[in-house]
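All residue numbers for the sequence shown refer to the working numbering, where the first residue is 241 and numbers rise by one. Each residue gets a CB set at the ideal place from its N, CA and C atoms; glycine is no exception. Taking it in order: structure first as structure tokens, then the write-up.
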Amino acid sequence: VYAPRLDDPSSGTFERCSTDTFKITGPCTYEICYFYLLRMGRDGWKPEQVKVYSPNSRAVTFYYDMFLPNGVWYGFNLCSGSSAAAT
241 VYAPRLDDPS SGTFERCSTD TFKITGPCTY EICYFYLLRM GRDGWKPEQV KVYSPNSRAV
301 TFYYDMFLPN GVWYGFNLCS GSSAAAT
């Protein structure tokens, strides 16, 4: 599921030391095994982790704990036993 632009400068999302929650709906999904984020702009962003819940599978946590590169999809593909970060 692709969710365009989750940030809203007036809402305080993605601020330092904050926890943000979003409800994103889309077509039926199966086990969640990959997750990618895209950062655009001059401000750096260092997410610690992303936890994804789905009614059809167990919760999955993706650990980032690094500054995301600008203008590049960055994330993890844990499908089929893969554990490496990918860009």
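Would you list the one or two residues that DSSP bridges to residue i?
i, result
"S294", "S297"
"R279", "N310"
Rounded to the nearest angstrom, what separates residue i and residue j at their Cα positions?
i, j, result
"G315", "N296", "22 Å"
"S260", "A299", "One detail in the question is off: residue 260 reads as Asp in this sequence, not Ser. Taking the straight line joining both Cα atoms gives about 16 Å."
"N310", "D283", "9 Å"
Here's the rule: buried if 16 or more other CB atoms are within 10 angstroms of the residue's CB, otherwise exposed. What is residue i?
i, result
"F307", "exposed"
"R279", "buried"
Since residue i and residue j are thought to touch, with beta carbons under 8 Å apart, how far apart are those beta carbons, to the nearest angstrom?
i, j, result
"Y303", "Q289", "5 Å"
"Y274", "L318", "6 Å"
"T301", "K286", "Not quite, the Cβ-Cβ distance comes to about 16 Å (not below 8 Å), so this is no contact."
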